[in-house]
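Asks:
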Amino acid sequence: MRCDIIIPVWNQLALTKDCIDSIKRYTDDYRLILIDNASDGATKGYLESLRAGLGERALVINNEENLGFVKAVNQGIRASGGPAVCIMNNDALVTKDWLKIMTDVLYMAGDIGIVNPSSNNLGQKPAEGEPIELYAEKLRGEAGKFVELGAAIGFCMLIKREVIDKIGVFDEIYGMGNFEDTDFSRRTVKESYRCVRACGAYVYHRESSSFRKVATFEEDFRRNREIYEFRWGRPKRIAYILEPCDDNTLRRIHMGSLKSARDGNWVWYFLKGGEGEFPLHSNIVSVKIPDKNFYLKAIFGIVKKKKKFDEIFVGNEKAASVLRSLEFLHKAKVSCY
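Note that the sequence shown covers residues 421 to 757 in my numbering.
#1: The alpha helix (DSSP H) with K708 in it runs from where to where?
#2: Give me, in chain order, the residues of the same chain whose beta-carbon lies closer than 8 Å to that of E484; leave out the 5 immediate sequence neighbours on both sides.
#3: Give the list of continuous alpha helix (DSSP H) stretches no shorter than 4 residues that lie fully inside the segment 584 to 663.
#4: Is DSSP giving I497 helix, strand or coil here?
#5: Taking DSSP's pairing of strands, which residues face D456 in a bridge?
#6: Note the first and the last residue of the continuous alpha helix (DSSP H) segment covering A752.
#7: Would you decide whether Y527 is buried or exposed? Buried here means 16 or more other CB atoms lie within 10 Å of its CB.
#8: If I722 and A659 are in contact, beta carbons under 8 Å, what's the gap, nearest whole angstrom?
#9: Out of curiosity, what's the CA-to-CA distance linking K437 and R617?
#10: What does the alpha-carbon distance come out to for the pair G475 and K610?
#11: Report the residue from P655, K464, F489, M421 whose alpha carbon sits nearest the alpha carbon of D640.
#12: Tell me, please, which residues DSSP counts as bridged to V734.
#13: My parser needs the beta strand (DSSP E) runs of 3 or more residues fully inside the segment 519 to 584; what are they?
#14: K692 by DSSP, collapsed to three states: which one?
#15: Just the Cα atoms here: how many angstroms apart are N540 and E562?
#16: Decide if the segment 590 to 599 is in contact with the segment 546 to 561; the criterion is three or more beta carbon pairs, one per stretch, under 8 Å apart.
#17: Among residues of its own chain, excluding the 5 on either side of A462, which ones have a beta-carbon nearer than 7 Å to its beta-carbon?
#18: Report the option in E548, E468, V429 whose CA atom is closest to the CA atom of I455.
#19: Taking L513 as part of the beta strand (DSSP E), name the residues at either end of that continuous run.
#20: For K504, which residues does DSSP report across the bridge?
#21: What residues match up with R451 in a beta bridge as DSSP calls it?
#22: Quick one, which of L519, G496, S442, C665 has its alpha-carbon nearest G735's?
#23: For K565, which residues in the same chain have their Cβ closer than 7 Å to its Cβ, ignoring the five residues on either side in sequence?
#24: For the candidate residues E695, K753, D449, R451, whose alpha-carbon lies nearest to that of F733?
#25: Do you know offhand how far L662's Cα is from G570's?
#26: Per DSSP, which residues does H701 bridge with? Please list them.
#27: What number of angstroms, rounded off, separates the C-alpha of D531 from the C-alpha of D585?
#28: Contact criterion: CB-CB distance below 8 Å. Does F720 meet it with respect to chain B?
#29: One question on the structure: do K380 and E592 come within less than 8 Å of each other, judged by their Cβ atoms?
#30: In the DSSP output, what is V723 paired with across the bridge?
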């Protein structure tokens, strides 16, 4: 199944070459849709050479000015066809079988709407000095496995066409870029799709995005965050101090925490004895605490965190009372589950 790979380009000739060379080396069935955001002469010449060299496998769209990442992506989406499209930054490096593994995951379930690969962007980092492809080879044994994400990241997003048909393209209110991918993810999840990471696919991101060179980057970032949080709310941080409990209570807690995570919030499980179940989701984190002085250690761990929790759920009324007395320190609403 041919996939359209959409890559906005604004200069960065060396990085762009490396990105496209890796695609040509490690990808079987694809078409490049390259959006040139008024690049310099050398970069423009390189893109034109791809058009000549790859023929129908390369479409180049030329803009007379830099329209930013979001509008360029939308240009590519509108020019694309097929059941899925892949959005990619021009400073990414793909590895063997990356697209096949991602595509297999995309169609493993009807409610999977967006797939990210494993990446240093998402915490999967080669050891210092370890070749990227050697690290990627280790991960390929995880092909077919995925982990649900709170939101997909736009450096490499494989999107089902039906998602685009249902929710539309990226919102151009986000200008040059930042938060457009998170907003797109929230809209996707609202339509009952999931964003996931394909564990066995690996794409390295060199994170030297062109739009960071724009003079108004910091101002634009703050503006876009305000737009996003006005629409979707500020992400909450929620803690469960969890000791063994009956199945119905545990099921209710898991359902609540998974819904919170899917809404873009962050959930911590403080687990008594260091063991316990919790939903598998990128936004759900477990903290293992030994049995001895469990509540004391859990409360201390919550209070000392620099980033404060918004809500704390605890099963022990005495511990809840202690936490309420310390509200001036942790700032959170305390409830019993």
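For each residue, glycine too, the CB sits at the ideal point set by N, CA and C.
Since this is a predicted model, take the numbers as computed values, not measurements.
Replies: Answer, in terms of the structure:
#1: Segment 704 to 709 is the beta strand (DSSP E) holding K708; no alpha helix (DSSP H) there.
#2: A458
#3: 600 to 610, 637 to 652
#4: helix
#5: V429, N482
#6: Run containing A752: none; DSSP gives neither H nor E here.
#7: exposed
#8: 6 Å
#9: 26 Å
#10: 39 Å
#11: F489
#12: I661, C756
#13: 532 to 538, 566 to 569, 576 to 580
#14: strand
#15: 16 Å
#16: no
#17: L433
#18: V429
#19: 512 to 514
#20: Residue identity check: residue 504 is Ala in the sequence provided, not Lys. Looking at the DSSP assignment, A504 forms a beta bridge with K580.
#21: D424
#22: C665
#23: C619, G620
#24: K753
#25: 22 Å
#26: E568
#27: 15 Å
#28: Given the protein chain composition of this structure (a single chain), no chain B is represented.
#29: As shown, the chain starts at 421 and ends at 757. That puts residue 380 outside it, with no answer to give.
#30: Answer is none; V723 lacks a bridge partner.
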